[in-house]
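In what follows, a single structure is set out as structure tokens and then discussed.
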Amino acid sequence: MFNFMNKSEIQISKLKAMFLAKIFSDDHSTLKSIVKDLEIVNSSYSLIVFILTNDQINSSNFLKTNKIELDLILYLIKHNFCIEFAISHLNTIKIKDYLYFLCLKELLIKNIIDIDIEKLLDKLDDYDIYQYCVDNKIRLKERDTINYQYYKIHIKEFDNVNTLLERVKSYKDIEYIINLTGISVHPECKINNIVNFIRNGYNQEFCKSMLNDANSFLSLYDVKLVLANLIASKNNHNLVLALYVSKKYLLVFSDNYDIDLIYLFLLKYFLFYEEILDMFKKLDIKNNQLLNMSYIWSDAYIILNKKNKLKNKDMKDTYISYINEVKTTLMSSLSAFIESNKISHALNIINLYKSLQNNTILKELEINNFIKTETESQFKNFLGSRCCYLFEKTVEVTDISLTGDFFENEVNKDIDEKFKKWFTNNWKTYHE
């Protein structure tokens, strides 16, 4: 046990360093010893350990005698911790802001409190609340929001499906509505084409008519829908054509991320590793995006490395260095948040740090093999479920085959010589 009453600032700093070194371990007894001495300087250290060790009694006693911010109350509710105190604290709030209503929402959907849902929706139009009402067969008054329209569909009152389809933007949302309602046609031509694709999949004649008529192939909508069709065909020659089309239109729609994203995943499919890295630089992918999208290059890295087709292995070291830099930054931020009593921020950083310690990509790069984990990604339904295979994380090594002329395709679309040379050179580099 540390005796802290007469400790110098140097000793305090050492204790704080020990705390930071132990906070990510399961050595709870040492942590508790450290915070008993640090509590005299800053009691936030104690509360963090109480919460992480699920000590509800000491946490509750601490919370009752200290000033508590609403973001911490929200954290406690989300983690089902000291709920009685959280409710009691909310009852004392006079200025009710966005965080306050988020707290009420969490308590509602966890079936902890019973409140006036209509009044809550007036302040917070959150779909979780509507889903709660669907699950509990609660009728709501009419509202002019997309969330309310989804609610109506769920309770089988979809009188405005066509209007709702006109308001949503993504293939994922359109498919969701189609699956709920069974709608098969839409009066607006462009939306109807997407409905047809989602219901029926690849349409060779549609692609042929669009790609071979320059006047009808002008908009982002046209390009995305043709790419979705070609990808849904799961025909490698059509996928070469999709790569050609997406590469051709990158600059045309340079202010839109969609074509870039499709092109990036097609590069991943064909394992064109250096081109993938170039796109990462072009898109300036960094921070959380880099963490969430790192599997795009790492999947190709592992497959090519296994086949002895990888010459540039720098990205592995770059990624490891980046993860370590992030962890160092998080550690520094953690200390600052604790010192300023931002407990919920500190707890979120601890959780993020632990997730980096268990980073799947890092583990895969270290063993040069795939770990059988979840294949789904945030981009899974970017072009609807028929194309989800393209956006998934790889979990096993597969071979891509292209027989005959690489550039023959089912829609008889000519491909220019510059692209042919580019593709052929990359194919030879990574597949021959």
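Each number in our numbering corresponds to the 1-based position in the sequence shown with 11 added. We treat Cβ as the ideally placed atom computed from N, Cα and C, and that holds for glycine.
Where the alpha helix (DSSP H) through residue i begins and ends
i: lysine 383; result: Here lysine 383 belongs to no alpha helix (DSSP H), and DSSP marks it neither H nor E.
i: arginine 178; result: 172-178
i: arginine 210; result: 200-211
i: isoleucine 62; result: 55-63
i: cysteine 114; result: 109-120
i: lysine 167; result: Unbroken run through lysine 167: none, as it is neither H nor E.
i: leucine 262; result: Where leucine 262 is concerned, there is no enclosing alpha helix (DSSP H), given that its DSSP letter is neither H nor E.
i: histidine 100; result: 94-101
i: aspartate 82; result: 81-89
i: asparagine 392; result: Looking at the DSSP string, asparagine 392 is not in any alpha helix (DSSP H), and its letter there is neither H nor E.
i: valine 337; result: 325-350
i: leucine 31; result: 20-33
i: threonine 41; result: 39-49
i: valine 145; result: 138-146
i: threonine 435; result: 428-442
i: aspartate 184; result: 182-192
i: glutamate 421; result: Here glutamate 421 belongs to no alpha helix (DSSP H), and DSSP marks it neither H nor E.
i: histidine 356; result: 354-368
i: serine 230; result: Looking at the DSSP string, serine 230 is not in any alpha helix (DSSP H), and its letter there is neither H nor E.
i: asparagine 303; result: 298-317
Of the listed residues the options, nearest to residue i (C-alpha basis)
i: glutamate 385; options: Ile372, Lys121, Leu229 and His197; result: Ile372
i: lysine 116; options: Leu176, Leu229, Ile104 and Tyr143; result: Tyr143
i: serine 44; options: Phe35, Val52, Tyr306 and Ser57; result: Ser57
i: phenylalanine 276; options: Ile98, Glu50 and Lys391; result: Lys391
i: isoleucine 267; options: Ala239, Val234, Val206 and Ala253; result: Note that residue 267 corresponds to asparagine in the displayed sequence, not to isoleucine. The shortest Cα separation from asparagine 267 among Ala239, Val234, Val206 and Ala253 belongs to Val234.
i: lysine 180; options: Lys258, Gly395 and Ile378; result: Gly395
i: glutamate 375; options: Leu358, Asn359, Val408 and Lys365; result: Val408
i: glycine 193; options: Thr440, Asn211 and Arg178; result: Asn211
i: glycine 415; options: Asn102, Thr435, Val60 and Leu363; result: Thr435
i: leucine 358; options: Ser19, Met342 and Ile98; result: Met342
i: leucine 294; options: Leu272, Asp310, Leu74 and Tyr280; result: Leu272
i: asparagine 335; options: Arg154, Asn369 and Pro198; result: Asn369
i: serine 54; options: Ile68, Asn77 and Ser40; result: Asn77
i: lysine 365; options: Ile23, Ser19 and Lys33; result: Lys33
i: leucine 405; options: Leu413, Val263, Ser388 and Arg397; result: A small fix is needed here, since residue 405 is threonine in this sequence, not leucine. Cα-wise, what sits closest to threonine 405 is Ser388.
i: glutamate 177; options: Leu191, Tyr274, Glu199 and Glu168; result: Glu199
i: isoleucine 205; options: Lys429, Phe393 and Ile296; result: Phe393
i: isoleucine 98; options: Ile88, Val60 and Gln160; result: Ile88
i: aspartate 289; options: Lys258, Lys317 and Val263; result: Lys258
C-beta contact flag for residue i and residue j at 8 Å
i: aspartate 136; j: threonine 156; result: yes
i: isoleucine 270; j: tyrosine 255; result: no
i: asparagine 249; j: leucine 241; result: yes
i: valine 251; j: phenylalanine 418; result: yes
i: isoleucine 287; j: isoleucine 307; result: yes
i: isoleucine 188; j: isoleucine 164; result: yes
i: leucine 31; j: leucine 345; result: yes
i: serine 4; j: tyrosine 284; result: Lying before the first or after the last residue shown, residue 4 is absent from the chain, which here runs from 12 to 443.
i: lysine 338; j: tyrosine 441; result: no
i: cysteine 93; j: leucine 101; result: no
i: serine 70; j: isoleucine 79; result: no
i: isoleucine 120; j: aspartate 139; result: yes
i: phenylalanine 281; j: isoleucine 411; result: yes
i: leucine 118; j: phenylalanine 96; result: no
i: histidine 197; j: asparagine 190; result: no
i: leucine 110; j: serine 355; result: no
i: alanine 253; j: lysine 279; result: no
Is the number of C-beta pairs between the stretch 170-179 and the stretch 127-146 that are closer than 8 Å three or more?
In short, these stretches do not touch, since the Cβ pair count stays below three.
Examine the Cβ distances between the stretch 211-226 and the stretch 419-432 and report whether three or more of them are shorter than 8 Å.
yes
Check whether the stretch 19-33 touches the stretch 46-57, taking contact to mean three or more Cβ pairs, one atom from each stretch, closer than 8 Å.
yes
Three Cβ pairs or more, each shorter than 8 Å: is that satisfied between the stretch 322-333 and the stretch 344-359?
no
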